[in-house]
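*Asks:* First the structure, then my questions, so here it is.
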Amino acid sequence: MPETEVHDTSTPAPKDALSSNTSIASLDRLIYQLQEKNDLEGAQNSSEQLILQDGSTFKGYLRLGDTAYRKDEFKLAMLCLARAYEIAHREEDEKVMRYCLKKIEKCSHHTEWDLVFQEEELTQIPERLSSLLLKPFPTELHNAIGELTLSPTLCLDSRHRMYIPILNKVRPAVSPNEGYYKLPRFFRWIVPFTLAAMSTPRNADDITALAPMGIKTVLTLTEETPLPAKWFTNKPIQNIFMPVPNYYPPSIAQMDIIIQLLDNQDNLPMLVHCGGGKGRAGTVIACYLATYGFSRPLNDIDHPAMSAKEAIGALRAIRPGSLETKQQEDFVSKWCSNIWKRQSVFPSRPTEPPACPMEVEGSIGGDTNLFVLVGLPGSGKSWFSNSLIARNSSRWRSISQDDSGSRAFCETEISRTPSGKTRVLSDRCNTSSEDRKSWLNLAGNWAKDPICIWFDYPKELCTARAQSRVGHPTLPPGSRVRNAVQQMDKMFEKPDLKEGFKGIVTIRSFEAALELVKLLSPPVEIYKYPRTPHLVNLGAATSDDLVERVPTFSSESDLAREGTGERVVITEKIDGANMGISLSSDSKIIVQNRSHYVNTQSHEQFKKLGHWIDTHKEELQKLLVRDPYFPERYILFGEWMYATHSIHYTALPDRFIAFDMYDRSTDTFLDRQTLDSLLQRYARSISLVPLMAQYEVCPTERELRDMVQRPSQYYDGRVEGIYVKWEKDGRVVRRGKVVRGDFIAGNQHWAKRKLEVNGLAKPEG
1 MPETEVHDTS
11 TPAPKDALSS
21 NTSIASLDRL
31 IYQLQEKNDL
41 EGAQNSSEQL
51 ILQDGSTFKG
61 YLRLGDTAYR
71 KDEFKLAMLC
81 LARAYEIAHR
91 EEDEKVMRYC
101 LKKIEKCSHH
111 TEWDLVFQEE
121 ELTQIPERLS
131 SLLLKPFPTE
141 LHNAIGELTL
151 SPTLCLDSRH
161 RMYIPILNKV
171 RPAVSPNEGY
181 YKLPRFFRWI
191 VPFTLAAMST
201 PRNADDITAL
211 APMGIKTVLT
221 LTEETPLPAK
231 WFTNKPIQNI
241 FMPVPNYYPP
251 SIAQMDIIIQ
261 LLDNQDNLPM
271 LVHCGGGKGR
281 AGTVIACYLA
291 TYGFSRPLND
301 IDHPAMSAKE
311 AIGALRAIRP
321 GSLETKQQED
331 FVSKWCSNIW
341 KRQSVFPSRP
351 TEPPACPMEV
361 EGSIGGDTNL
371 FVLVGLPGSG
381 KSWFSNSLIA
391 RNSSRWRSIS
401 QDDSGSRAFC
411 ETEISRTPSG
421 KTRVLSDRCN
431 TSSEDRKSWL
441 NLAGNWAKDP
451 ICIWFDYPKE
461 LCTARAQSRV
471 GHPTLPPGSR
481 VRNAVQQMDK
491 MFEKPDLKEG
501 FKGIVTIRSF
511 EAALELVKLL
521 SPPVEIYKYP
531 RTPHLVNLGA
541 ATSDDLVERV
551 PTFSSESDLA
561 REGTGERVVI
571 TEKIDGANMG
581 ISLSSDSKII
591 VQNRSHYVNT
601 QSHEQFKKLG
611 HWIDTHKEEL
621 QKLLVRDPYF
631 PERYILFGEW
641 MYATHSIHYT
651 ALPDRFIAFD
661 MYDRSTDTFL
671 DRQTLDSLLQ
681 RYARSISLVP
691 LMAQYEVCPT
701 ERELRDMVQR
711 PSQYYDGRVE
721 GIYVKWEKDG
731 RVVRRGKVVR
741 GDFIAGNQHW
751 AKRKLEVNGL
761 AKPEG
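Written out as structure tokens, the structure is:
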């Protein structure tokens, strides 16, 4: 039977229904009449008009979606139905939501999901509706699609080029299709909004283009060509390097890691790529299908969802040419057998030891400048080194044979006298007494009171840890890890002070390692937000304020010039309490107001702070805990807007509005684009200060003065002022402000008045 469409079946409209006074209901009835007569062009034109007249309801999108589906314009149909679903969800219309979801799934048999276009589909979107339709699917639709049982049939080979609309700052690829970006070859959603595959990204623009698609992780399998780290700098996408030789499959241990990565919602959606997107990527995808089918990860299961033959066949049916060698095909069978054998998707793993303090034999001197790390692969040596460097990169130098790939290089490096107060870490296994003595001898001309740090863990735990490491330069997960741990364990000799050490520190738990990291690192103190100079003094600057009247606003000497890569970002300056949100060393959320930490008891204006933190706790943790070596690294700065200071705001989006993020490791602030991307990925509910303008050339002083006269987004009145940032290479390089002349002057200080609460645009839930 044909699909039952959702229609208003009331009396058809008269023939003159398209007059200027046509009601929405009459236009809707006319569309139904035209569809019944199979006048699909007329129905489409009227549906477009209905959307333009009343885009706040789902009717126009629903009618255009149905019409486009009947015209075999499946991309247009899918995008219209997605907008209809979004509005119906807002209106809690379950019937329309079910209808749209079912029809969107039918469209997916003819077109790729969401905003991914085939070349022949680029002309389907009416120009007058492009701004309304070219929007990513809403989260609630992602979730609904994720609950479906899918059996995809759309077959596209590697020659089929795919495009996405340019929603971000990406230079278009060489293409006649202006406004669209050509993706690398063989892009396909395997499980929509969960797992995708394609060929190798060509450049940093390809990575930037993936961000609006929601991709959070790019898994690189190309052993021969790892992607440059700078492509991912200050982007909301992480890159995980899992090197696999060309034409070969991954190891079981590597596939275990990949499945565990996919089991973590924070990594999804994930894009997997190899060179051409067929062999290695195809093998990983086939193993995923064997495990879960075309569904999202289902946590642990005791048997595969498909046989190896079924999984490979299902993948080739939609991506011809996937899996290129018999070795890769055989590996999928091996993977299925592995799941059956252990009755689980995941390998068993030894438990971590309980918390315990570090043990010190001898002493740790304040003048020590050489630390020799000792332990099996996977014992935590590199984590320890990276944690020290993240906290104080200028003070530490790590000599790692894993990173250099050469013992001779390490011998040369450790023979060099470090500069100034630099401390050196010998990050090797250093399992034998003679080996340790030889390194001490090489450093004998400069080493002072050397310390041995012994990571004492069972070989079984070290093996399990090492098998779970991603991107290790010398020991990829697999048999090499097992062999290396066994060999090192046989060679191991317990460190002794007689070898020439001032002290030996034994580490037997994560807590002990962190204890030593803190001992050897400077204390993490409160970071006070920097004072911002006035760029133009309109009368609000006091005698204590900084004023920078520099000739940087003339056309001859703009701070940001076209072609330099710099840009000037201007936002509304809002009037609240400066607040910084960060993590403590044990990853608990702490809040500062300028130079001191605060809580709900600190002042009446912070009495809602606890509730706000609890509401946003999960998002804040994800946003701030991005460095596994340094929990305290990032500080999110913003304005706490609960109390009225000099301006009574009436339409705030939230109590806290972010404006900056500080990185302790690099001593820099992230640029606006990066901060916005991070909030979109990790903390969508946290608002960012309104963007007023963005320039490649700095505005003149007169233009800045004029901006201060603009209306605020948060109340019926002028802005307090404007905040100006000069940005380059993902960071803020300079900042300034312009505050209107009547700000604060003549007003009693807010703290001396009875507390008045600012208003929200929407009532608090």
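Using UniProt numbering, you'd call the opening residue of the sequence shown number 1 and step up by one each time.
Each residue gets a CB set at the ideal place from its N, CA and C atoms; glycine is no exception.
#1: For ILE451, which of helix, strand or coil comes out of DSSP?
#2: In whole angstroms, what separates the C-alpha of SER712 from that of LYS725?
#3: For ILE237 versus ILE207, is the C-beta distance shorter than 8 Å?
#4: Which word fits ILE24, buried or exposed, when buried means at least 16 other C-beta atoms lie within 10 angstroms of its C-beta?
#5: In terms of residue numbering, what span does the alpha helix (DSSP H) encompassing SER415 cover?
#6: Less than 8 Å between the beta carbons of THR194 and LEU268, yes or no?
#7: In chain order, what residues of the same chain lie with their CB nearer than 6 Å to the CB of VAL424, ignoring the 5 residues before and after it?
#8: Check PRO138 in the structure and name its three-state DSSP category.
#9: On the CB-based measure, 16 or more other CB atoms within 10 Å of its CB, does ASN38 come out buried or exposed?
#10: So, helix, strand or coil for ILE581, using DSSP?
#11: For SER400, which beta-bridge partners are listed by DSSP?
#12: Inspect the beta-carbon positions of LYS437 and GLY365 and report whether they are closer than 8 Å.
#13: Among GLY717, GLN673, ILE145, ARG702, whose alpha-carbon lies nearest the alpha-carbon of LYS728?
#14: Can you tell me the Cα-Cα spacing of THR57 and GLU91, whole angstroms?
#15: DSSP on TRP189, reduced to helix/strand/coil?
#16: Quick check on this structure: which residue in ILE318, PRO304, ARG70, HIS273 has the alpha carbon closest to the alpha carbon of HIS109?
#17: Once DSSP output is grouped into helix, strand and coil, what is the label at GLU143?
#18: Rounding to the nearest angstrom, what Cα-Cα distance links ILE31 and LYS95 in this structure?
#19: Nearest to THR532 by alpha carbon, out of SER406, LYS573, ALA513?
#20: Use the C-beta contact count for VAL550: other C-beta atoms within 10 angstroms, 16 or more gives buried, fewer gives exposed.
#21: Measuring straight from C-alpha to C-alpha, what distance separates PRO523 and LEU388?
#22: Could you give the residue range of the beta strand (DSSP E) that holds GLU359?
#23: Let's see if you can read the secondary structure: which residues bound the beta strand (DSSP E) around THR67?
#24: If we count the other Cβ atoms within 10 Å of its Cβ and call it buried at 16 or more, is ILE107 buried or exposed?
#25: Which one of ILE104, ILE453, ASP489, THR668 has the shortest CA to CA distance from THR506?
#26: Should the segment 324-339 be called in touch with the segment 180-192, which here means at least 3 C-beta pairs below 8 Å?
#27: ASN203 by DSSP, collapsed to three states: which one?
#28: So the candidates are TYR662, THR67, ALA281; which of them puts its Cα closest to the Cα of THR200?
#29: Assign ARG594 to one of two classes, buried (16 or more other C-beta atoms within 10 Å of its C-beta) or exposed (fewer than that).
#30: Taking only three categories from DSSP, how would you classify MET488?
#31: Pick from THR412, VAL470, THR431, LEU40: whose alpha carbon is nearest that of MET242?
#32: Quick one, which of LYS608, LEU623, LYS607, GLY576 has its alpha-carbon nearest LYS588's?
#33: Tell me the rounded alpha-carbon separation between TRP383 and SER584.
#34: How is the alpha helix (DSSP H) around MET255 delimited, first residue to last?
#35: Could you tell me the boundaries of the beta strand (DSSP E) in which ASP660 lies?
#36: I want to see whether chain C comes within less than 8 Å of SER379, judged by CB atoms only; does it?
*Replies:* By the coordinates alone:
#1: strand
#2: 19 Å
#3: yes
#4: exposed
#5: 407-415
#6: yes
#7: LEU370, ARG397, PRO418
#8: coil
#9: exposed
#10: strand
#11: ASP427
#12: no
#13: GLN673
#14: 9 Å
#15: strand
#16: ILE318
#17: Looking at the sequence shown, residue 143 is not Glu but Asn. Note: ASN143 maps to helix in three-state DSSP.
#18: 20 Å
#19: LYS573
#20: Residue placement at VAL550 cannot be trusted, given a pLDDT of 42 that sits under 50; the coordinates are not used to answer.
#21: 12 Å
#22: 359-362
#23: Here THR67 belongs to no beta strand (DSSP E); instead the alpha helix (DSSP H) covers 59-70.
#24: The sequence shown places Cys at residue 107, not Ile. Flag for CYS107 reads buried.
#25: ILE453
#26: no
#27: coil
#28: ALA281
#29: exposed
#30: helix
#31: VAL470
#32: LEU623
#33: 18 Å
#34: 252-262
#35: 656-663
#36: Protein chain content of the structure displayed is limited to a single chain, and chain C is not contained in it.
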